[in-house]
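Encoded as structure tokens, the structure appears first; notes follow it.
There are 2 protein chains.
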Amino acid sequence: MAMAGTSTTTAEVETAAQRDRRSRIVQAALALASRGGYEDVQMREVAERSGVALGTLYRYFPSKVHLLVNAMAHDLERMSSRLQRRTIPGETATERVEWVLEKATRSLQKDPNLTEAMIRAMMAADASVAVEVAAVRSQMSGMITAAIRGDGPEGPDDAEYAGVLQDVWFARQIAWLGGRISSADVWRDIESAIRLVLREHA
Amino acid sequence: MAMAGTSTTTAEVETAAQRDRRSRIVQAALALASRGGYEDVQMREVAERSGVALGTLYRYFPSKVHLLVNAMAHDLERMSSRLQRRTIPGETATERVEWVLEKATRSLQKDPNLTEAMIRAMMAADASVAVEVAAVRSQMSGMITAAIRGDGPEGPDDAEYAGVLQDVWFARQIAWLGGRISSADVWRDIESAIRLVLREHA
DNA sequence: CGGCATACTAGAACAGGTTCTTGTTCCTGT
DNA sequence: ACAGGAACAAGAACCTGTTCTAGTATGCCG
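Okay, here's the thing in structure tokens:
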């Protein structure tokens, strides 16, 4: 009885082959998402393309939503680390946040199908995906707060600003997916929200 | 050819029996949503409970999302017309908006399963549901702008404020559904967004 | 009344996400 | 090397939203 734990069980570590499978799965999902959006990411085809059995796919990602939210976190991570490697241009917080969010928006909307798949997955996420969703939000919050403070000190309300802006950002993306506003409106509305939230932040 | 139109075709009018069916369907959907949320609203059971064939259900509401968004619009309409019949209490725009949104939030969260079903449907809505979704948003915007102006004149930015607040409101509901924040946090975050957006509005 | 389009019923059929079953392969500790 | 369990493959099976089919009922126009 004693010493229950990490002996025979997998625990946390993955073999190289497993990292490989996981990566192939994510790549297949991204490719399919890019081709036809959320509904075109079919689990049977993801499995086939990544050369794993359907059951194995479900062992790695317990649902389609998990898979896509994971892929989104992965994408944002890349973008975020690219950002950290440079100074965000702009004199004011407003300018810097506009720069960052425009870059993020543009980068995502360059591939509308992929964006649609990711946003839709974020929206469909229930409590079982909380951890993955939190990772995505944390990435975005980090980018926004970094832009707010520029090279200055952190403000006490920065996190709150970032939260509201992120909410608006997602909501506008959904409105776009829902055909209620155009792609151009997305950016116009986000920009206006930035000015509204960050007014008086010279 | 001439005079195409409302002769034999159904056009817009519904017989009493049809209004009745439609109402029974919505009621059945609401009951099921209240029982177990979005996933418990199963189209076969809605059909059975409302005494119509599955095909007929789909004639009235072309998808589960249409059905639930419609139900939500119906609900908000009741709430909105109740609001219009009284004066919103509060000295400042902030107080009045807080009053209205808290009432709306509380009213919805009194039945969490029902709320979950409706919000999830709103999020899942694609372009084909744009009209119904627009109706819901318009109801909410109306309530918020009415609260902002109180008995005063309409401000030029009221619609924008209402839009941002509504985005935050929905986003916080989703965060709650996604298990990322608690029911109490929902209200705290919305309140803080109201103050942020409406600051300096005495 | 006789057509005739439309609405409706009952139920099968289809589609894609998810789960389950059976047999095989890989890894780990001894 | 080997026993035993975890991971995997292949595919059937299940569930629920959606669509389709065949037959029946209903209302309407001549």
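Respectively, the protein sequence lines represent chains A and B. To get the working numbering, take the position in the first sequence, counting from 1, and add 229. To get the working numbering, take the position in the second sequence, counting from 1, and add 229. Backbone N, C-alpha and C fix where the C-beta goes; we use that ideal spot for every residue, glycine too.
Query raised in the report: Alpha carbon to alpha carbon, how far is R250(B) from D340(B)?
Result: 25 Å
Query - Cβ neighbour criterion (16 or more within 10 Å) applied to D380(A) - result: exposed
Report task. Compute the distance between the beta-carbons of G408(A) and S310(B), then report whether it is under 9 Å. Result -> no
**Report entry** Within 9 Å, strictly: CB atoms of V415(A) and A346(A)
**Finding:** no
Query raised in the report: So does the stretch 389-408 of chain B actually touch the stretch 370-378 of chain A, counting three or more Cβ pairs closer than 8 Å?
Result: no
Report task. Check whether the stretch 316-327 of chain B touches the stretch 295-305 of chain B, counting contact only when three or more Cβ pairs, one atom from each stretch, lie closer than 8 Å. Result -> no
Report task. Check the C-beta distance from A302(A) over to V275(A) and give it rounded, since I have them as a contact under 8 Å. Result -> 17 Å between Cβ atoms; not a contact.
Requested in this report: Put D249(B) into one of helix, strand or coil per three-state DSSP.
Outcome: helix
Report task. For L403(A), return the contacting residues in chain B, with the cut-off set at a CB-CB distance below 7 Å. Result -> It should be noted that the sequence gives Ile, not Leu, for residue 403(A). The answer, in chain order, is M352.
Report task. Find the nearest neighbour of S279(B) within the set A333(B), L330(B), V255(B) and E268(B), judged by alpha-carbon distance. Result -> V255(B)
Query raised in the report: Excluding five sequence neighbours on each side, which residues of the same chain lie with their C-beta closer than 6 Å to the C-beta of P291(B)?
Result: none
Query raised in the report: Cα-Cα, which of Y287(B), I423(B), D418(B) and A282(B) is closest to D387(B)?
Result: I423(B)
Report task. Please say whether Y289(B) and A350(B) have beta carbons closer to each other than 9 Å? Result -> no
Query raised in the report: Mind checking R325(A): buried by the 16 CB within 10 Å criterion, or exposed?
Result: buried
Query - Within chain B, the residues that V270(A) reaches when beta carbons sit closer than 8 Å - result: Under the 8 Å cutoff, chain B gives no residues; its nearest Cβ is about 15 Å from V270(A).
Query raised in the report: Can you list, in chain order, the residues of the stretch 332-362 of chain A whose Cβ is nearer than 9 Å to any Cβ on chain B?
Result: R349, M351, M352, A353, A354, D355, A356, S357, V358, A359 and V362
Query - Selected residue, minimal CA-CA separation from R314(B), among M372(B), R253(B) and I419(B) - result: M372(B)
Query raised in the report: How would you call G392(B), buried or exposed, if buried means at least 16 neighbouring beta carbons within 10 angstroms?
Result: buried
Requested in this report: Mind reading off the beta-carbon distance from E331(B) to L425(A)? Whole number of angstroms is fine, and I expect it under 8 Å.
Outcome: At roughly 22 Å, the Cβ-Cβ gap does not stay under 8 Å, so E331(B) and L425(A) are not in contact.
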